[in-house]
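Asks: The structure that follows is given in the form of structure tokens.
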Amino acid sequence: MSTREATPRHKSLFVLLAAVGLVVIVSVGILLRDRVPGNMGNGFLAGAGMAIIAALIMAWRVSHASSGATTFERAYTSFGDERDDIILTRTLAVMGLLSLPLTGVAGVSIALGADVMIVLFLLMVCELLTGVAAFAVYTRKS
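In the numbering used here, the protein residues as written are 376 to 517.
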């Protein structure tokens, strides 16, 4: 299994992109807390925080213990071999193909009077389960 080593230039670019991303996330979260009713800003910030922690854990596992990292971690952090990249590409293709009909069903449900928050939650869960199932299938096939 071949993995790529990060050069100092890649590391500095990663730090710069991470800083810009953090500024954007905090700005959007504060904007949502000030302008949107309810606790949408708090949920956004909590979700973004969990995603950042997960990404940092994946990056640490790939950089320090790449033999113990999963296929998803190696492919998502761009340190995987060709097999890892193919699995992630096929998984994202399946998710992309199914996202349009799932979003259409959600739109029709909302138009028929279903609660918007419930429909959006179910849409996200369906898209997540689609990705997990596609990833599992393609990992078993190859």
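C-beta atoms are modelled at their ideal positions from N, C-alpha and C, and glycine is treated no differently. A quick note: this is a predicted structure, and the numbers were derived from the prediction, not measured.
In whole angstroms, what separates the C-alpha of Val-390 from that of Arg-384?
Replies: Roughly 10 Å between the two C-alpha positions.
Asks: Hey, could you find the ends of the alpha helix (DSSP H) Ala-509 is sitting in?
Replies: 491 to 516 is the span of the alpha helix (DSSP H), which, as asked, contains Ala-509.
Asks: Distance, Cα to Cα, Gly-443 vs Met-433?
Replies: Distance between the alpha carbons of Gly-443 and Met-433 is about 11 Å.
Asks: Can you tell which of Gly-479, Ala-468, Gly-488 and Ile-485 has the C-alpha that lies nearest to the C-alpha of Ala-508?
Replies: Answer by Cα proximity: Ala-468.
Asks: Please tell me whether Val-494 and Ser-484 are closer than 7 Å, where the distance is taken between their beta carbons.
Replies: Yes, they are a contact pair.
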